[in-house]
Amino acid sequence: MFFPGSLATTLKIECIVEQTYGPWWQSLHRTMLRGILGKTFRLVGYTIQYACIAHCAFEYVGGVVMCSGPSMEPTIQNSDIVCAENLSRHFYGIQRGDIVIAKSPSDPKSNICKRVIGLEGDKILTSRPSDFFKSHNYVPTGHVWLEGDNLQNSTDSRYYGPVPYGLIRGRIFFKKSCS
Amino acid sequence: MFFPGSLATTLKIECIVEQTYGPWWQSLHRTMLRGILGKTFRLVGYTIQYACIAHCAFEYVGGVVMCSGPSMEPTIQNSDIVCAENLSRHFYGIQRGDIVIAKSPSDPKSNICKRVIGLEGDKILTSRPSDFFKSHNYVPTGHVWLEGDNLQNSTDSRYYGPVPYGLIRGRIFFKIWPLSDFGFLRDSPNGHRSPGD
């Protein structure tokens, strides 16, 4: 008859332990959880906040861009680092001769980097110099005509036509020359 | 000889006054200026912070838009208020039949609100139903074909050609005003204009 007695004693001791330490464990867990949750939310909040500010800075002020591709040689070589500013676009101050970054009309996921040859209303010579009959195109309203400096090796408006102004993202104004 | 004496006394009193109260005035001005400047900078800082967050929320999540113009009747009337979400655009989830908001190709300062009729690669019927010879256009890569629901009174891709996908800003999915028309938007009343439908 030792067995039930010891069982009863064990159960009684467990009850006492739970009564004394139960609330303590619970409150400890609750505080730890609340602390960790609170810290996580605060961290997420700060990250979102600073990500928004950085995004707006890049979109409205400007940033540093690395260009790739041969279409703007010799002005901009492959893997050159340039500074782009995005204020001219918002104030509609892009002019002929500016080098701009725009979203590609044939691939919305990538960007292109070309020079503005003509603004809306301009008459663009689209025939090759070797052609006998010259053909012209007028740039429609709200569009620009972009061409790369390296005419032999550049897909630009001569290929996909005039580009809507709304695709322009910024203007390149400074190149860090690596010598 | 009263005059120079009183002048000297006045100057002396002024010097005493300046010596006693001068630094006090200066420190008061400095504290006020610093306090005002500090408050102004803090206010400007908070404004910029919340403006950035609001801008990112509108651009990446969505917002409420008021449409104007008759080109989407009867689905969207003039001065209706609709909800637009901008997530589909970033995940390239725009589909045929969606109503989208895009920057206008002919006027970068304004937006247009049309239905997507065709995606890249689709064959679009561009001739009028009354024409005898039917003409087709293929939508180039990276572009979409937009048309308003009110075909008689809508300048859309039939006028300015296919629109680059990069100009799309968001997708309209819900109308909240007028209350008589509250709810999700209907399908196009025109049927499809691609051959084979």
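Chains as they are written, first to last, in our numbering: chain A, -10 to 168; chain B, 5 to 201.
Glycine included, each C-beta is placed from N, C-alpha and C at the ideal position.
So which of the options has the shortest CA-CA distance to residue i?
i, options, result
"Gly34 of chain A", "B:Tyr54, B:Phe45 and B:Thr159", "B:Tyr54"
"Arg119 of chain B", "B:Ile40, B:Ser161 and B:Arg34", "B:Ser161"
"Leu156 of chain A", "A:Asn139, A:Cys56 and A:Cys102", "A:Cys102"
"Pro97 of chain A", "B:Gly122, B:Lys127, B:Asn194 and B:Thr145", "B:Thr145"
"Pro78 of chain B", "B:Tyr164, B:Gln156, B:Cys60 and B:Val65", "B:Gln156"
"Gly165 of chain B", "B:Cys19, B:Ile121, B:Gly66 and B:Arg34", "B:Ile121"
"His79 of chain A", "A:Trp13, A:Pro59 and A:Gly51", "A:Gly51"
"Trp181 of chain B", "B:Cys71, B:Asn90 and B:Tyr64", "B:Cys71"
"Leu183 of chain B", "B:Ser83, B:Ser108, B:Tyr96 and B:Glu124", "B:Ser83"
"Leu76 of chain A", "A:Phe30, A:Thr36, A:Asp87 and A:Tyr49", "A:Tyr49"
"Ser57 of chain A", "A:Cys45, A:Ser99 and A:Tyr148", "A:Ser99"
"Arg85 of chain A", "A:Ile2, A:Trp14, A:Lys164 and A:Leu108", "A:Leu108"
"Thr144 of chain A", "A:Gln15, A:Pro59 and A:His18", "A:Pro59"
Output yes or no for whether 8 Å exceeds the beta carbon distance between residue i and residue j.
i, j, result
"Arg190 of chain B", "Asp102 of chain B", "no"
"Ser92 of chain B", "Gly152 of chain B", "no"
"Pro94 of chain A", "Val152 of chain A", "yes"
"His125 of chain A", "Lys112 of chain A", "yes"
"Val68 of chain B", "Ile80 of chain B", "no"
"Ile98 of chain B", "Arg173 of chain B", "no"
"Asp138 of chain A", "Arg160 of chain A", "no"
"Asp126 of chain B", "Trp149 of chain B", "yes"
"Ser114 of chain B", "Pro129 of chain A", "no"
"Pro168 of chain B", "His147 of chain B", "yes"
"Pro112 of chain B", "Tyr154 of chain A", "yes"
"Trp134 of chain A", "Ile90 of chain A", "no"
"Arg100 of chain B", "Leu123 of chain B", "yes"
"Phe162 of chain A", "Glu74 of chain A", "yes"
"Lys92 of chain A", "Gly170 of chain B", "yes"
"Ile57 of chain B", "Cys41 of chain A", "yes"
"Cys117 of chain B", "Phe177 of chain B", "no"
"Ile65 of chain A", "Lys164 of chain A", "yes"
"His59 of chain B", "Cys45 of chain A", "yes"
Given that residue i touches chain B, what residues does it touch there, using C-beta distances under 8 Å?
i, result
"Thr130 of chain A", "Ser110 and Asp111"
"Lys92 of chain A", "Pro168 and Gly170"
"Asp96 of chain A", "Thr145 and Gly146"
Which chain A residues sit within Cβ distance under 9 Å of residue i?
i, result
"Gln81 of chain B", "Chain A residues near Gln81 of chain B: none, gap ~26 Å exceeds 9 Å."
"Gln53 of chain B", "Gln38, Cys41 and Ile42"
Could you name the residues of chain A that residue i contacts, counting a contact when the two beta carbons are closer than 7 Å?
i, result
"Ile57 of chain B", "Gln38 and Cys41"
"Leu171 of chain B", "Pro153, Gly155 and Leu156"
"His107 of chain B", "A small correction: the amino acid at residue 107 of chain B is Lys; His does not occupy that position in the sequence shown. Within chain A, the residues near Lys107 of chain B are Gly155."
"Gln30 of chain B", "Within 7 Å Cβ-Cβ: nothing; Gln30 of chain B doesn't reach chain A, min ~37 Å."
"Cys87 of chain B", "Going along chain A, no residue has its Cβ under 7 Å from Cys87 of chain B, so there is no contact; the nearest lies around 21 Å."
"Cys71 of chain B", "Going along chain A, no residue has its Cβ under 7 Å from Cys71 of chain B, so there is no contact; the nearest lies around 19 Å."
"Cys19 of chain B", "Those within 7 Å of Cys19 of chain B in chain A number zero; the least Cβ separation is about 53 Å."
From what residue to what residue does the alpha helix (DSSP H) around residue i run?
i, result
"Arg78 of chain A", "Leu76 to His79"
"Tyr149 of chain A", "Ser146 to Tyr149"
Would you mind telling me which residues of chain B sit closer than 9 Å to residue i, beta carbon to beta carbon, in chain order?
i, result
"Cys102 of chain A", "Those within 9 Å of Cys102 of chain A in chain B number zero; the least Cβ separation is about 15 Å."
"Asp87 of chain A", "The premise fails here: Asp87 of chain A is roughly 16 Å from chain B at the closest Cβ pair, so nothing lies under 9 Å."
"Asp111 of chain A", "Those do not exist, as Asp111 of chain A stays about 15 Å from chain B at its closest Cβ, beyond 9 Å."
"His18 of chain A", "Here the premise fails: no neighbours, minimum Cβ distance about 34 Å."
By the DSSP assignment, the beta strand (DSSP E) with residue i in it spans what residues?
i, result
"Arg85 of chain A", "Element bounds for Arg85 of chain A: n/a, residue is neither H nor E."
"Arg100 of chain B", "Per DSSP, Arg100 of chain B belongs to no beta strand (DSSP E) and is neither H nor E."
"Tyr142 of chain B", "His140 to Tyr142"
"Met70 of chain B", "Gly66 to Cys71"
"Val54 of chain A", "Gly51 to Cys56"
"Gly122 of chain B", "Asn115 to Gly122"
"Gly159 of chain A", "Ile157 to Lys164"
"Glu89 of chain B", "Asp84 to Glu89"
"Gly107 of chain A", "Asn100 to Gly107"
"Asn194 of chain B", "No beta strand (DSSP E) contains Asn194 of chain B, which DSSP labels as neither H nor E."
"Glu77 of chain B", "First-last for Glu77 of chain B: undefined, no H or E at that position."
"Val133 of chain A", "His132 to Glu136"
"Asn139 of chain A", "Unbroken run through Asn139 of chain A: none, as it is neither H nor E."
"Trp127 of chain A", "Checking the sequence shown, residue 127 of chain A turns out to be Tyr, not Trp. Looking at the DSSP string, the run of the beta strand (DSSP E) that includes Tyr127 of chain A is His125 to Tyr127."
"Ile113 of chain A", "Lys112 to Leu114"
"Ile128 of chain B", "Lys127 to Leu129"
Please compile the residues from chain B whose C-beta is within a distance smaller than 7 Å of the C-beta of residue i.
i, result
"His79 of chain A", "Here the premise fails: no neighbours, minimum Cβ distance about 10 Å."
"Cys4 of chain A", "Chain B residues near Cys4 of chain A: none, gap ~53 Å exceeds 7 Å."
Could you name the residues of chain A that residue i contacts, counting a contact when the two beta carbons are closer than 8 Å?
i, result
"Cys117 of chain B", "Chain A residues near Cys117 of chain B: none, gap ~15 Å exceeds 8 Å."
Examine chain C for any beta-carbon lying closer than 8 Å to the beta-carbon of residue i, and answer yes or no.
i, result
"Cys45 of chain A", "Considering every chain present, this structure includes no chain C. Its protein chains are A and B."
Which runs of the beta strand (DSSP E) spanning at least 3 residues fall entirely within the stretch 144 to 190 of chain B, listed in chain order?
147 to 151 and 172 to 181
Taking only runs that begin and end inside the stretch -6 to 37 of chain A, name each unbroken alpha helix (DSSP H) of 4 or more residues, in chain order.
Qualifying alpha helix (DSSP H) stretches: none in this window.
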